[in-house]
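Since the structure comes first, as structure tokens, the remarks are kept for the end.
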DNA sequence: GTGTACATGTAAAGTGTTACATGATTTC
DNA sequence: GAAATCATGTAACACTTTACATGTACAC
């Protein structure tokens, strides 16, 4: 899903500024299955405005930088519906962690153990932050999606905790790293 | 992880042609956490050869197109080790499916139900194909990684199966799509 | 005969990230 | 006084996909 459609979808849930969209993607309900940087969000919003999919209202704020709040137009809503009518593509998961494990022959067992333990901590933190998000989530869909994220994080955590020891043992048994 | 490093890592597991690398990424043990197209693999291999990280041997085959088999050099192995010494970045998961669910307000309950059911089938297929891969996997690391993939697929499948009904119910209860 | 697998490669186009630029206010 | 939060935006660069180009062999 490109940033353009992502913006359209987020604006379908409520008006927002570019800054707020970035926050939702980086820390909100979207954080575990999408990504976008300012460098792609701001140009997208400009283009969406030019094309009439969103409108933009300017707000001067006291003690804060000015703000531009974007709203979805009827045309924008239609475009989104049209986009969502098509089958979603398959999930794309990229993991440098798993790649590093697979290339383990070039890595020492100590290093592997370390990587796995760090990863376990990260999963624990991620679970806590998702559980916090759950309290703020309002729609049934966002509950469902956040709980999905928690379930996945727990599954990864569980797998690592239960198989880490045997992995290290086997790597050592497979012989000293050439 | 860029395609360059991915090629380096795959070649660390054994010599291969560009075509074979593509297959490993598209269907092999790498399939659920990385991606690369011919358009990025071939240029990467050319550059890696120019820079001395890999060497290339040409094979004429009977009844088959010619083949170029690449091998990692000592310099390449060092570069890979160096790369793997650095902390792996966080996983990146992108899911059009979850995005579609979150934008559910713009989608009918029937459509959602359909999407979830299709997704359940896909998970089942993916699990089967990963289990097949398991039979061919040799190193302890690849076993570990493939089993990790299976565990994640099962967790997603399980979550969808157990929460699908309540999601649909709640969406309907939340009122007809505006 | 039609499609898939084998096999390599290029060029254009698209998409995205990173780093930069700017600047007030609040929190530690 | 340093760092984070709020807030928008551009430009250079990196990376990737898509579409094209080419051709044999085998299975159905």
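Protein chains in written order, with UniProt numbering: chain A, 1 to 178; chain B, 1 to 178.
Just so you know, even glycine gets a beta-carbon here, dropped at the ideal spot from N, CA and C.
Could you compute how far the alpha carbon of residue 94/B sits from the alpha carbon of residue 62/B?
One-based indexing of the second chain puts residue 94/B at position 94. One-based indexing of the second chain puts residue 62/B at position 62. Rounded to whole angstroms, residue 94/B to residue 62/B spans 42 Å at the Cα level.
Would you identify the three-state DSSP class for residue 72/A, choosing helix, strand or coil?
Your numbering for residue 72/A matches position 72 in the first chain. Three-state DSSP puts residue 72/A in a strand.
Measuring alpha carbon to alpha carbon, tell me which of 79/B, 73/B and 5/B ends up nearest residue 44/B.
The residue labelled residue 44/B in the question sits at position 44 within the second chain. It is 5/B whose Cα lies nearest to the Cα of residue 44/B.
So, does the stretch 114 to 125 of chain B touch the stretch 140 to 159 of chain B, judging by three or more C-beta pairs under 8 Å?
With a cut-off of 8 Å, the stretch 140 to 159 of chain B and the stretch 114 to 125 of chain B count as touching, because enough Cβ pairs lie within range.
Determine, for residue 1/B, whether the minimum Cβ-Cβ distance to residues of chain A falls below 7 Å.
Position 1 of the second chain, counted from the start, is the residue given in the question as residue 1/B. Taking Cβ atoms only, chain A reaches closer than 7 Å to residue 1/B, which makes this a yes.
Bridge partners for residue 94/B per DSSP, in chain order?
Translated into the one-based positions of the second chain, residue 94/B becomes position 94. DSSP, once it has assigned bridges, lists 92/A as partnering residue 94/B.
Given a threshold of 16 other Cβ atoms within 10 Å of its Cβ, counted over all protein chains shown, does residue 26/A qualify as buried or as exposed?
Position 26 of the first chain, counted from the first residue, corresponds to residue 26/A. It is exposed - the Cβ of residue 26/A has fewer than 16 other Cβ atoms within 10 Å.
Tell me the rounded alpha-carbon separation between residue 105/B and residue 34/B.
Residue numbering aside, residue 105/B sits at position 105 when the second chain is read from its first letter. Residue numbering aside, residue 34/B sits at position 34 when the second chain is read from its first letter. Rounded to whole angstroms, residue 105/B to residue 34/B spans 32 Å at the Cα level.
Consult DSSP for residue 173/A and reduce its assignment to one of helix, strand or coil.
Counting from one through the first chain, the residue named residue 173/A turns up at place 173. Residue 173/A: helix per DSSP, three-state reduction.
Compare the C-beta of residue 96/B against all C-beta atoms of chain A and say whether one is closer than 7 Å.
Your numbering for residue 96/B matches position 96 in the second chain. Chain A, which has a Cβ nearer than 7 Å to the Cβ of residue 96/B, makes this yes.
Cutting at 8 Å between CB atoms, please list the residues of its own chain near residue 16/A, excluding the five before and the five after it.
Working through the first chain from its first residue, we reach residue 16/A at position 16. Hits under 8 Å: 10, 24, 69 and 70.
One question on the structure: do residue 123/A and residue 164/A come within less than 7 Å of each other, judged by their Cβ atoms?
Locating residue 123/A in the first chain gives position 123, counting from the first residue. Locating residue 164/A in the first chain gives position 164, counting from the first residue. Not in contact: residue 123/A and residue 164/A (Cβ atoms no closer than 7 Å).
Identify, in the order they occur along the chain, each residue of the same chain with its Cβ nearer than 8 Å to the Cβ of residue 22/A, setting aside the five sequence neighbours on each side.
Locating residue 22/A in the first chain gives position 22, counting from the first residue. Cβ within range, chain order: 36, 37, 38 and 41.
Whole angstroms is fine: what's the gap from residue 88/A's alpha carbon to residue 127/A's?
Against the first chain, residue 88/A aligns to sequence position 88. Against the first chain, residue 127/A aligns to sequence position 127. Residue 88/A and residue 127/A: Cα-Cα distance of roughly 26 Å.
Please state the DSSP three-state secondary structure of residue 59/A.
As a working mapping, residue 59/A is identified with position 59 in the first chain. DSSP places residue 59/A in strand when its eight states are reduced to three.
State the Cα-Cα distance for the pair residue 179/A and residue 96/B, rounded to the nearest angstrom.
Look at the range of chain A in this structure, 1 to 178, and you will see that residue 179/A is not part of it.
Of the residues 143/B, 107/B and 91/B, which one's Cα is nearest the Cα of residue 81/A?
One-based indexing of the first chain puts residue 81/A at position 81. The option with the nearest alpha carbon to residue 81/A is 107/B.
For the alpha helix (DSSP H) that residue 39/B lies in, which residues bound it at each end?
In the second chain, counting from the first residue as 1, residue 39/B sits at position 39. Unbroken alpha helix (DSSP H) run through residue 39/B: 38 to 50.
Using the three-state DSSP reduction, which class does residue 107/B fall into: helix, strand or coil?
On the second chain, position 107 is the one that residue 107/B refers to. The answer is coil: DSSP assigns residue 107/B none of H, G, I, E or B.
May I ask which residues mark the beginning and end of the alpha helix (DSSP H) holding residue 4/B?
Position 4 of the second chain, counted from the first residue, corresponds to residue 4/B. Its alpha helix (DSSP H) spans residues 3 to 12.
Is the beta carbon of residue 133/B sitting closer than 7 Å to the one on residue 146/B?
Working through the second chain from its first residue, we reach residue 133/B at position 133. Working through the second chain from its first residue, we reach residue 146/B at position 146. Contact: yes.
Between the alpha carbons of residue 85/B and residue 60/A, how many angstroms are there, rounded?
Along the second chain, one-based indexing puts residue 85/B at 85. Along the first chain, one-based indexing puts residue 60/A at 60. Rounded to whole angstroms, residue 85/B to residue 60/A spans 48 Å at the Cα level.
Return yes when the Cβ of residue 109/A is within less than 7 Å of the Cβ of residue 168/A, no when it is not.
As a first step, residue 168/A is located in the first chain; it is residue number 168 there, counting from the start. As a first step, residue 109/A is located in the first chain; it is residue number 109 there, counting from the start. For residue 168/A and residue 109/A, yes; Cβs fall inside 7 Å.
Within 10 Å of its beta-carbon, does residue 31/A have 16 or more other beta-carbons around it, so buried, or fewer, so exposed?
Reading the first chain from its first residue, position 31 is the one you call residue 31/A. It is buried - the Cβ of residue 31/A has at least 16 other Cβ atoms within 10 Å.
Starting from residue 20/A, trace the alpha helix (DSSP H) in both directions and tell me its first and last residue.
Stepping through the first chain from its first residue, residue 20/A is reached at position 20. Its alpha helix (DSSP H) spans residues 18 to 26.
Count the other CB atoms within 10 Å of the CB of residue 1/B; is the residue buried (16 or more) or exposed (fewer)?
Taking the second chain and counting its residues from 1, the one referred to as residue 1/B is at position 1. Looking at its Cβ environment, which holds 16 or more other Cβ atoms inside 10 Å, residue 1/B is buried.
Does any residue of chain B bring its CB to less than 7 Å from the CB of residue 152/A?
For the purposes of this step, residue 152/A is taken as the residue at position 152 of the first chain. Taking Cβ atoms only, chain B reaches closer than 7 Å to residue 152/A, which makes this a yes.
By how many angstroms is the C-alpha of residue 149/B removed from the C-alpha of residue 75/B?
Translated into positions along the second chain, residue 75/B becomes position 75. Translated into positions along the second chain, residue 149/B becomes position 149. When rounded, the distance between both Cα atoms is 32 Å.
So residue 141/B and residue 171/A are supposed to be a Cβ contact under 8 Å. How far apart are they, rounded?
The residue you call residue 141/B lines up with position 141 of the second chain. The residue you call residue 171/A lines up with position 171 of the first chain. Going by Cβ atoms, the distance from residue 141/B to residue 171/A rounds to 7 Å, so yes, they are a contact pair.
Using a Cβ cut-off of 7 Å (strictly closer), state whether residue 116/B contacts chain A.
Along the second chain, read from residue 1 onward, the residue named residue 116/B stands at position 116. With 7 Å as the cut-off, residue 116/B does not count as an interface residue toward chain A.
For residue 103/B, which option in 20/A, 52/A, 19/A and 29/A has the closest C-alpha, if you only look at C-alpha atoms?
Taking the second chain and counting its residues from 1, one reaches residue 103/B at position 103. The option with the nearest alpha carbon to residue 103/B is 29/A.
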